[in-house]
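Participant: Before I ask anything, here is the structure I am working with.
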Amino acid sequence: MSWDQVLELIKSILLTQTGIPNLDIGQVIMILVSFFFLYLAVAKEYEPLLLVPIGFGIFLVNFPLVPLMGFTEHGNPELIQAFYKYGIQWEIIPCLIFLGLGAMTDFGPLIANPKTLIIGAGAQLGVFITYCGTLFFGFTLKEAASVGIIGGADGPTTIYLTAMLAPQLLGANALAAYSYMAMVPLIQPPIMRLMTTPEQRRIKMRQLRPVSAREKLLFPLIASIFIILLIPAVAPLMGMFMFGNFMRECGVVKRLSDTAQNAMMNIVTILLGLSVGATMQADVFLSWKPMLIFGFGLLDFVICTFGGILTVHIMNKFLKEKMNPLIGSAGVSAVPMAARVSQVEGQKADPDNWLIMHAMGPNLAGVIGSASAAGMFIAMFK
Amino acid sequence: MNRLTHEIFKSAIRTWLILAWMLVILVPRTTVYAAFGEDLEKPKPEFTREGNVITAKLIPRAKSTSVSIHFQVSGGRLVSVEGMDFQEAARPGVDNKDFKSELFAIKIDGVPPDGVAKVSVTSAFFSSSTEYWVFNRNLKESWMNADAKNISLPDMIQKLVVSVKDGGPFDSDGAVDGRITFTGGPKDSFWGYALGTLFIRFFGIFLVLSILMIGMILSGKVFQMLDKKKAKREIEIQVQPEVPVPDIQPAESIEPELAAAVGAALHLHFSGRRSGADFQFITPAISPWVRQGRERIMNARSIPTNRFNRLRNR
């Protein structure tokens, strides 16, 4: 073998089998973006359970020639592509996350005060306004719906709907949803203060009635009957959510409930985060659309918060016992962060005002409301 | 809201609305489309023929499941139906988003020259507001409403019937030759659909959650009632029936000493029982004298079994 041949071989190896010559500027930018999200997760602790796997997913797939998100010559999916295909494309992981969430949720505050369900509905205002707004900017109907649902502040619902309607926007939508969910304590308080007077913020609500174990046990069955009969398209999400809750409340399958809450939830969160992050390859992500999605996502959150508080104001016109409008902002889901924000703002107005349990009602109603909105969109595009 | 916050809120909303409108007005729509690439939804119909009926099967825009559109002709022979990309018929003022499917080029022959053929387009996908628009590139105004008759059939099926004259404005070949080329497609207002569905779906969520709320309030009342009943029953069980007081006649003949003795005995008996229940093995501080005494007693008792003593005594 002559020197020329050796050099040619080395050149061929360098060009075709190593990443360095194939690295482009877009990939470098995306790797920097991944560092940003990892920084937010690790240093600022913004939704670290999701932003760490998402950030690392972005980091991994933006290296050139990596066999992670493609298919082999025989058509088999590569590692993260397999997670994505069987977990997200087949719509399994979001439903499993709902199962785990159901197993973690205590519906007591919502059962004790069912009126708060209306707040959960009012807080979906932003979902529909953003849906319309995005249409003006050239998004298709399906894309607009998937962007709109970001305001529901429910990560699994956003992922479920986007994977179904506009998979090309999955990365941007999921990232926007989780980022804004983490930033709820920054986004909501100014709107809450703007929309309420100090007197309204000081309204004390009557202590919630105790809810019996039997009521809690039957709630998932009753709620499933009403919701699934009215919106059958939401059955995968709501069915799993209520099943998880039933396992928790029945008390005879503690092992299953524990697994759903802990081991299973952790496993699917890792797979979900990596898969979502891995969809953000430079050639897909670096365009104006994700920027617009982030802009609309923020607007969506603002309008949803506005919608929730406005709903409480309207309800107070008809109610004898007034509700503190601060609990309206918790209707955007983001459990339990949004409820905590209501509590903090309430205590700023009156240190003796304990709103957290009252805010948990609209917070849980927000989960049901955003899943219902997703079901509405799915039915619309069926 | 107090006046100041109200004013701030109003001005914030106004500013946001102005900004939003400026964005909508100033950003040319064509630029936006160009920036975001091509429309991803391109319905591609597949055609099948059964006798005189040609059926197009396609997944329309903004839908995830396929629909069927049936074409039939009376007053002529349906030769073929082909799909046509909207780009070929794109003209200013006509938005392809209003057409949920591709356009259809329908070829008909066997029409009497200068005669009229009736084209029927039937689908469960159409609504009562669906129109049929015709495209003729040879005309100055290429797009026109065909003024189709929209007939409702059972099972929520709508039938659009268009009369097409050989050589008329709807005939793209323009010649009076007994053959018609009829190009167009069913049209629904995109914005009408988007905004209409917005209100319906949003209030739909209110409706669903309101029904759930009513269900929960009612079931809550039932559960509260049941719990109250249960609690009441438990209280009733806990309350002991009054023990009948035995009718004991006082013994007048008993002597005071005897009564005192009986009383003392009873007192000792019951206090003994009480103390017996709470008896604890608390060993008082043992004096050396007591310990020595106990050791002697124990040694004396254990002589037969104490191996050490046995060995010593051997």
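From first to last, the protein sequence lines are chains A and B. Quick note: the first sequence, position 254, residue 256 per our numbering, numbers continuous. Quick note: the second sequence, position 124, residue 114 per our numbering, numbers continuous. Where a beta carbon is used, it is the ideal one built from N, C-alpha and C, also for glycine. Being a predicted model, the structure only gives us computed values, none of them experimental.
Any contact between the stretch 181 to 199 of chain A and the stretch 159 to 166 of chain A? By contact I mean 3 or more CB pairs, one from each, below 8 Å.
Facilitator: no
Participant: Starting from asparagine 135 of chain B, follow its DSSP beta bridges and name the residues at the other end.
Facilitator: B:Trp123
Participant: State the DSSP-derived secondary structure class of arginine 257 of chain A, mapped to helix, strand or coil.
Facilitator: Correct three-state label for arginine 257 of chain A: helix.
Participant: Return the Cβ separation of aspartate 178 of chain B and serine 118 of chain B in integer angstroms, given the expectation that the two are a contact with Cβ distance under 8 Å.
Facilitator: Not a contact, Cβ separation roughly 11 Å.
Participant: In the structure shown, what three-state DSSP assignment does leucine 93 of chain B receive?
Facilitator: strand
Participant: Grab me the residues of threonine 281 of chain A's own chain with a C-beta within less than 6 Å of its C-beta, minus the 5 sequence neighbours each way, in chain order.
Facilitator: Leu172 and Gly173
Participant: What span of residues does the alpha helix (DSSP H) with arginine 191 of chain B cover, start to end?
Facilitator: 180 to 228
Participant: So, under 8 Å CB-CB, valine 337 of chain A and valine 369 of chain A are touching, yes? Tell me the CB distance rounded to an integer number of Å.
Facilitator: 6 Å
Participant: Give a yes or no on whether 8 Å exceeds the smallest Cβ distance from isoleucine 60 of chain A to chain B.
Facilitator: no
Participant: So, asparagine 355 of chain A versus lysine 206 of chain A, is the Cβ gap smaller than 8 Å?
Facilitator: Yes, the pair counts as a contact, with Cβ atoms nearer than the cut-off.
Participant: Between which two residues does the alpha helix (DSSP H) containing glutamate 201 of chain A stretch?
Facilitator: That run of the alpha helix (DSSP H) goes 200 to 203.
Participant: Quick one: grab the DSSP three-state call for aspartate 108 of chain A.
Facilitator: Aspartate 108 of chain A falls in the coil class under three-state DSSP.
Participant: Would you list the residues sitting across from histidine 60 of chain B in a DSSP beta bridge?
Facilitator: B:Thr45 and B:Thr112
Participant: Let me confirm a value: valine 280 of chain B is counted as buried when at least 16 other C-beta atoms fall within 10 Å, else exposed. Which label applies?
Facilitator: By the Cβ-count criterion, valine 280 of chain B is exposed, with fewer than 16 other Cβ atoms from all chains shown falling within 10 Å of its own Cβ.
Participant: Round the Cβ separation of aspartate 260 of chain A and glycine 153 of chain A to the nearest angstrom and send it over; I've been treating them as touching at under 8 Å.
Facilitator: Actually they are not in contact, since the Cβ atoms of aspartate 260 of chain A and glycine 153 of chain A sit about 33 Å apart, beyond 8 Å.
Participant: What does DSSP give as the partner residue(s) for valine 151 of chain B in the beta ladder?
Facilitator: B:Ser110 and B:Lys139
Participant: Quick check: alanine 125 of chain A and cysteine 306 of chain A, are their CB atoms within less than 8 Å of each other?
Facilitator: yes
Participant: For phenylalanine 160 of chain B, name the three-state secondary structure that DSSP assigns.
Facilitator: coil
Participant: So with Cβ pairs under 8 Å, would you call leucine 119 of chain A a contact of chain B?
Facilitator: yes
Participant: Would you decide whether alanine 128 of chain B is buried or exposed? Buried here means 16 or more other CB atoms lie within 10 Å of its CB.
Facilitator: The residue asked about is misnamed: residue 128 of chain B is asparagine in this sequence, not alanine. Exposure of asparagine 128 of chain B is indicated by the presence of fewer than 16 other C-beta atoms within 10 angstroms of its C-beta.
Participant: Checking the sheet assignment: what are the DSSP bridge partners for serine 70 of chain B?
Facilitator: B:Lys97
Participant: Just the C-alpha distance for isoleucine 147 of chain B and isoleucine 224 of chain A, rounded to the nearest angstrom, thanks.
Facilitator: 35 Å
Participant: Report the option in B:Lys149, B:Arg67, B:Pro278 and B:Pro50 whose CA atom is closest to the CA atom of arginine 39 of chain B.
Facilitator: Put simply, of B:Lys149, B:Arg67, B:Pro278 and B:Pro50 the residue whose alpha carbon is nearest the alpha carbon of arginine 39 of chain B is B:Arg67.
Participant: Report back the beta-carbon spacing between valine 43 of chain B and phenylalanine 61 of chain B to the nearest angstrom; my notes put them in contact at under 8 Å.
Facilitator: A Cβ-Cβ separation of about 7 Å places valine 43 of chain B in contact with phenylalanine 61 of chain B under the 8 Å criterion.
Participant: Pair every Cβ in the stretch 85 to 93 of chain A with every Cβ in the stretch 267 to 278 of chain A, then say whether three or more of these pairs are closer than 8 Å.
Facilitator: yes
Participant: Just how far apart, CA to CA, sit valine 71 of chain B and glycine 186 of chain B?
Facilitator: 32 Å
Participant: Do the stretch 263 to 272 of chain A and the stretch 94 to 109 of chain A make contact, defined as three or more Cβ pairs closer than 8 Å?
Facilitator: Contact between the stretch 263 to 272 of chain A and the stretch 94 to 109 of chain A is established, with three or more Cβ pairs separated by less than 8 Å.
Participant: Would you mind listing the alpha helix (DSSP H) stretches within the stretch 209 to 237 of chain A that are 4+ residues and don't spill past its ends, in chain order?
Facilitator: 215 to 232
Participant: Just to make sure I have the definition right: I need the residues of chain A whose C-beta is within less than 8 Å of the C-beta of lysine 53 of chain B. Which are they?
Facilitator: Phe383 and Lys384
Participant: Taking phenylalanine 228 of chain A as the query, report the chain B residues whose CB atoms sit under 8 Å from its CB, ordered along the chain.
Facilitator: In chain order: Val198, Ile201, Leu202 and Gly205.
Participant: Is the beta carbon of methionine 32 of chain A less than 8 Å from the beta carbon of asparagine 64 of chain A?
Facilitator: yes
Participant: If I follow the unbroken alpha helix (DSSP H) through glutamate 75 of chain A, where does it start and stop?
Facilitator: Neither: glutamate 75 of chain A is in no alpha helix (DSSP H) and is coded neither H nor E.
Participant: Please list, in chain order, the residues of the stretch 312 to 343 of chain A that have any C-beta partner in chain B closer than 7 Å.
Facilitator: Residues are counted here when their Cβ sits less than 7 Å from a Cβ of chain B; for the stretch 312 to 343 of chain A the count is zero.
Participant: So valine 166 of chain B and phenylalanine 115 of chain B are supposed to be a Cβ contact under 8 Å. How far apart are they, rounded?
Facilitator: About 34 Å separates the two Cβ atoms, so there is no contact after all.
Participant: Serine 209 of chain B touches chain A at which residues, Cβ-Cβ below 8 Å?
Facilitator: Glu217, Leu220 and Ile224
Participant: Measure how close the beta-carbons of valine 106 of chain B and lysine 155 of chain B come, nearest whole angstrom, since I'm counting them as under 8 Å.
Facilitator: 5 Å
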